[in-house]
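To start, the structure under review is shown below, and the notes come after it.
2 protein chains.
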Amino acid sequence: MKLITSARNEQLKHVSKLLSHGKARRAHGQTVLEGVHLLQACLQAGVRPIQVYVPEHKRCAGEAGALLAKLPEHCVTPVAAGVLSRISGLAQAEEVLTLIDIPAPPARPRQGDCVVLDCVQDPGNVGTIMRSAAAAGVQKLVLGQGCADAWAPKVLRAGMGAHFLLDVSECVDLAQWCAGYGGSIWATALSATNGRNLYDTDLTRPAAWVFGNEGGGVSAGLLARATGCVNIPMAGATESLNVAMAATICLFEQMRQRL
Amino acid sequence: MKLITSARNEQLKHVSKLLSHGKARRAHGQTVLEGVHLLQACLQAGVRPIQVYVPEHKRCAGEAGALLAKLPEHCVTPVAAGVLSRISGLAQAEEVLTLIDIPAPPARPRQGDCVVLDCVQDPGNVGTIMRSAAAAGVQKLVLGQGCADAWAPKVLRAGMGAHFLLDVSECVDLAQWCAGYGGSIWATALSATNGRNLYDTDLTRPAAWVFGNEGGGVSAGLLARATGCVNIPMAGATESLNVAMAATICLFEQMRQRL
């Protein structure tokens, strides 16, 4: 267990690249989890880290120490104080960084409940929707081209561990995928004037929910393939909801109808 | 209408201070709106800007140009290209910055629907909850001490104009406020194991919803003063929802029950 003392260490340079470049993540099939909470979620899901980099003073202390004690010694690398915060986006606290293989993509779902994202670009939105999907009992996530990268650090942070509860398919041709999907497909309208009222829609059967781009909503091609377009009734002067909020409302209404 | 050509201009130094320091906003009773969308929301609500700073090339063009044409000439100051992006957090696009007086706080509500925030610290969460409250028809917002500053730039951005649809009271002593409030007070549990099921709770009468700190939830003192504690049923392995998502689900369930 050799102490790393510089951000120019070859291993940390690799970690740093994975944190900032989607291309590097795809080329290596790896990503980096920032913080103890994501390490915990990954271990709980049975995913084995390739390597955990931990600030030396946290090696045996607190939450991090308790988790690291369960790992084989060759999987844990201590790093001198101040070095990890130079490469991580979590500037305030110096946190553990966990290198993992990105889980192999599952077979693309052809039935059952799914959440489908069509050009949802904001990493915070993608992560929040993943967290909501997991909390509302939907396990399959299908991301079309043009979405934020599901395994990017910001998406992982917003997902708060939901990544390890979901089957994630990325870069899917959504029009083609819709044609092969066996359940209802609900597209969501950004405004309350199009489509049918969410609360009058029977959501008790398996369905795919399609949530669209922050500015433009669900693309016309997918709207045409959907079983229907659903809107969320809203109060007076408000035009629209953030896509993550809209997704949360729809997925929890589905859950409520099935309770 | 004199062109400003430097970020060291006295007016822009003032704007820059308001953008970055809550103390300056409180001392002057002013804040700054970033972007055309917030300027539009503010004008729609009948709030008169003190001054709008606009990149010279956008002065007469596009959305910004159309809005600025409605304002008296002395309220609009053109700024040389590249200068405003040096002081604004919106680094990607060079946007209009609008200086306004923070609306005078209303009398603190003693009845009717309210959203109450107890140490909600993340600006994005406070803004998102404001947007959801407005969309769900709740107009009164009460922020306790320890919350993110409602008129901070990040909160304004996440609120997407909801600030101008709400009555916002800040720095309120919440324990004292609860004692004087006439309706039901619902505290929300962060996990699904405490309190009563949201969907089994009658939400048809006026109520105050209390949402708590991201890590710690609603403080014990407020829980003791609440009519009841409400939880949101969730799927299996998920422990909790982001506070903004939880607030959205509660407020839209209230709206649904009243449709």
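So the protein lines, in turn, are chains A and B. Taking full-length UniProt numbering, the leading residue of the first sequence gets 1, the next gets one more, and so forth. Taking full-length UniProt numbering, the leading residue of the second sequence gets 1, the next gets one more, and so forth. Cβ atoms here follow ideal geometry from the backbone N, Cα and C, with glycine treated the same way.
Chain B within 8 Å of residue i, Cβ atoms only
i: A/LEU241; result: yes
i: A/ILE249; result: yes
CB of residue i within 8 Å of CB of residue j, strictly
i: A/VAL126; j: A/CYS147; result: yes
i: B/VAL76; j: B/VAL54; result: yes
i: B/THR188; j: B/CYS250; result: yes
i: B/LEU198; j: A/ALA135; result: no
i: A/LEU222; j: A/LEU174; result: yes
i: B/LYS154; j: B/PRO123; result: yes
i: B/PRO109; j: B/VAL142; result: yes
i: B/ARG86; j: B/ALA7; result: yes
i: B/GLY112; j: B/PRO206; result: yes
i: B/GLY195; j: B/CYS229; result: yes
i: B/TYR181; j: B/ALA220; result: no
i: B/THR204; j: B/ARG258; result: yes
i: B/VAL96; j: B/LEU39; result: yes
i: B/ASN213; j: B/VAL83; result: no
i: B/VAL210; j: B/VAL116; result: yes
i: B/ALA64; j: B/LYS58; result: yes
i: B/ASP118; j: B/GLY144; result: yes
i: B/TRP186; j: B/ARG25; result: no
i: B/GLN51; j: B/LEU3; result: no
i: B/CYS42; j: B/PRO49; result: yes
i: A/ALA133; j: A/LEU156; result: no
i: A/CYS128; j: B/THR248; result: First, the amino acid is wrong: residue 128 of chain A is Thr here, not Cys. Result no, Cβ atoms of A/THR128 and B/THR248 do not sit closer than 8 Å.
i: A/ALA81; j: A/GLU56; result: yes
i: A/ALA45; j: A/PHE164; result: yes
Proximal residues of chain C, C-beta to C-beta of residue i below 8 Å
i: B/MET130; result: Of the protein chains in this structure, namely A and B, none is chain C.
Chain B residues whose Cβ lies nearer than 9 Å to that of residue i
i: A/PRO103; result: Here the premise fails: no neighbours, minimum Cβ distance about 16 Å.
i: A/LEU259; result: ASN197, TYR199, PRO233
Chain B contact residues for residue i, given Cβ-Cβ distances below 7 Å
i: A/ARG256; result: TYR199
Any non-hydrogen atom of the ligand ADP within 7 Å of residue i CB
i: B/THR5; result: By its list of ligands, the structure shown contains no ligand whatsoever, and the ligand ADP lies outside what it can speak to.
- Message: Can you pull out the residues from the stretch 189-216 of chain A whose beta carbon lies closer than 8 Å to at least one beta carbon of chain B?
- Response: Those residues of the stretch 189-216 of chain A that come within reach of chain B (Cβ to Cβ, closer than 8 Å) are TYR199.
- Task: Mind checking the stretch 113-144 of chain B against chain A and listing, in chain order, the residues whose C-beta falls within less than 7 Å of any C-beta there?
- Result: THR128, ARG131, SER132, ALA134, ALA135, ALA136, GLY137
- Query: Does the count of Cβ pairs from the stretch 64-73 of chain B and the stretch 17-29 of chain B closer than 8 Å reach three?
  - Reply: no
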